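K.L.:
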């Protein structure tokens, strides 16, 4: 285990403070044109209009904290979440996979893995929406632990689609505008990131044994690309700003050893003394 970067914001900074009294403006969609581009749905407009109207009701209460478990596919996030769900009273939110697998009968997660160029923007638009729902739902415990976040959705998975040439620049620009608007107008801050640092080869071997239908077509090269983006984002700090603490846990071990490591780091994870949420 180690801490990545300084992890603390400047004195007096408060990411949950009001960003101004002016009514926020929905992001421009000037870039959203051209054949094959995604269309802005009425559902998106309605959702964001409601968020703008009631955003004062969905800010996190003072003293409540959000911890995000980040890592590659098959890095051990579920094991980590299950450990804390079974041994603590904190709120645990797993990725909304069931939603991604069934959007009115359509498995857009599976479609994306089959043809990322066609379905990448569709999946990531819906991921951004569902992860925003995860961040903004009322907290039922002083601590919420989430599997991934809206931040990794944008900084890792959208970025990978764009860099690999499977997402056109116009779609990348639109998702970036939406993400920037969300950050500027909605409290999606995070108190702590726990990064399960796992080698792509270990992830690949685990992936082959857990037999999730959508993942059967995932090559090692995809896991290597996701790993590199996580490293750029959370370790090298060369991709996007990370202003909250990052606790790095080596996760190449078997399940029993990983449970031991979670126990060893339990206090670091649940009680990050003098650490401030900032993402």
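Residue numbers (my numbering): 3 to 281. Heads up, the beta-carbon is just placed ideally off N, CA and C, and yes, glycines get one too. Please read all numbers here as calculations on a predicted model, not as lab measurements.
1) Give me the Cα-Cα distance between residue 267 and residue 169, rounded to the nearest whole angstrom.
2) With a 10 Å radius around its C-beta and 16 neighbouring C-beta atoms as the bar for buried, classify residue 142 as buried or exposed.
3) If contact is defined by three or more beta carbon pairs under 8 Å, each pair taking one atom from either stretch, is the segment 194 to 207 in contact with the segment 218 to 230?
4) On the CB-based measure, 16 or more other CB atoms within 10 Å of its CB, does residue 243 come out buried or exposed?
5) By the three-class DSSP mapping on this structure, what secondary structure does residue 41 have?
6) Starting from the Cα of residue 150, find the closest Cα among 114, 160, 133 and give me that residue.
7) Only counting the same chain, and skipping five residues up and downstream in sequence, which positions put a Cβ closer than 6 Å to that of residue 181?
8) What's the call for residue 72, buried or exposed, on a 16-neighbour Cβ count within 10 Å?
9) Mind checking residue 138: buried by the 16 CB within 10 Å criterion, or exposed?
10) Since residue 160 and residue 246 are thought to touch, with beta carbons under 8 Å apart, how far apart are those beta carbons, to the nearest angstrom?
11) Suppose the cutoff is 7 Å on Cβ atoms and the five residues either side in sequence are ignored; what does the same chain contact list for residue 254 look like?
12) With a threshold of 7 Å on Cβ separation, who are the neighbours of residue 235 within its own chain once the five nearest residues in sequence on each side are excluded?
13) Around the C-beta of residue 189, are 16 or more other C-beta atoms found within 10 angstroms, so that it is buried, or is it exposed?
14) In its own chain, which residues sit with a C-beta less than 7 Å from the C-beta of residue 94, not counting the 5 before and 5 after it?
15) Take the Cβ of residue 207 as the centre, count every other Cβ of all protein chains shown within 10 Å, and call the residue buried at 16 or more, exposed below.
16) Looking only at C-alpha atoms, which of 79, 113, 67 sits nearest to residue 215?
17) Helix, strand or coil, according to DSSP, for residue 82 in the structure here?
18) In chain order, what residues of the same chain have a beta carbon less than 6 Å from the beta carbon of residue 265, not counting five sequence neighbours either side?
19) What number of angstroms, rounded off, separates the C-alpha of residue 70 from the C-alpha of residue 196?
20) Could you tell me the alpha carbon to alpha carbon distance between residue 127 and residue 227, rounded to whole angstroms?
21) Taking C-alpha atoms, which residue in 259, 194, 262 lies nearest to residue 273?
22) Do residue 162 and residue 231 have their C-beta atoms within less than 8 Å of each other?
23) When we look at the beta-carbon of residue 74 and count the other beta-carbons within 10 Å, is it buried (16 or more) or exposed?
24) Could you tell me which residues DSSP puts in a beta bridge with residue 6?
25) Suppose you measure from the CA of residue 77 to the CA of residue 68; what does that come to, to the nearest Å?
26) Hey, could you find the ends of the alpha helix (DSSP H) residue 261 is sitting in?
27) Restricting to Cα atoms, I'd like to know which of 270, 238, 212, 248 is closest to residue 80.
28) Give the DSSP-derived three-state secondary structure of residue 150 in the structure shown.
29) Considering just the uninterrupted stretch of the alpha helix (DSSP H) at residue 217, what are its terminal residues?
P.N.:
Judging by the given coordinates:
1) Looking at the two C-alpha atoms, the distance is approximately 38 Å.
2) Label assigned to residue 142: exposed.
3) Yes, they touch.
4) Burial call: exposed.
5) Any reading at residue 41 must be qualified, since the residue scores a pLDDT of 42, below 50, and its modelled position is unreliable; the value itself is stated next. Of the three classes helix, strand and coil, the one that applies to residue 41 here is coil, per DSSP.
6) A check of alpha carbon separations from residue 150 across 114, 160, 133 identifies 133 as the nearest.
7) Within the same chain, residue 181 has close Cβ partners 156.
8) Buried.
9) Answer is buried; the Cβ neighbour count reaches 16.
10) So it is not a contact: roughly 20 Å between Cβ atoms.
11) Beyond the five residues adjoining it in sequence on each side, residue 254 comes within less than 7 Å, by CB distance, of 200, 201, 204 in the same chain, given in chain order.
12) Excluding positions up to five away in sequence, the list reads 157, 158, 241, 242, 244.
13) Buried, since its Cβ has 16 or more Cβ neighbours within 10 Å.
14) Around residue 94: 83, 86, 87, 147.
15) By the 10 Å Cβ count, residue 207 comes out exposed.
16) Residue 113 is the option with its Cα nearest to residue 215.
17) In the structure shown, residue 82 sits in a helix (DSSP, three-state: H, G or I).
18) No residues qualify anywhere along the chain.
19) Residue 70 and residue 196 have their C-alpha atoms spaced approximately 6 Å apart.
20) C-alpha separation (whole angstroms): 20 Å.
21) Among 259, 194, 262, the Cα nearest to that of residue 273 belongs to 194.
22) Taking a C-beta distance under 8 Å as the contact criterion, residue 162 and residue 231 qualify as a contact pair.
23) Looking at its Cβ environment, which holds 16 or more other Cβ atoms inside 10 Å, residue 74 is buried.
24) DSSP output for residue 6 lists 248 as bridge partner(s).
25) So the two alpha carbons sit approximately 20 Å from each other.
26) For residue 261, the uninterrupted alpha helix (DSSP H) segment begins and ends at 257 to 266.
27) The shortest Cα separation from residue 80 among 270, 238, 212, 248 belongs to 212.
28) In the three-state DSSP reduction, residue 150 falls in the coil class, being neither helix nor strand.
29) It is not in any alpha helix (DSSP H) - residue 217 carries neither H nor E in the DSSP assignment.
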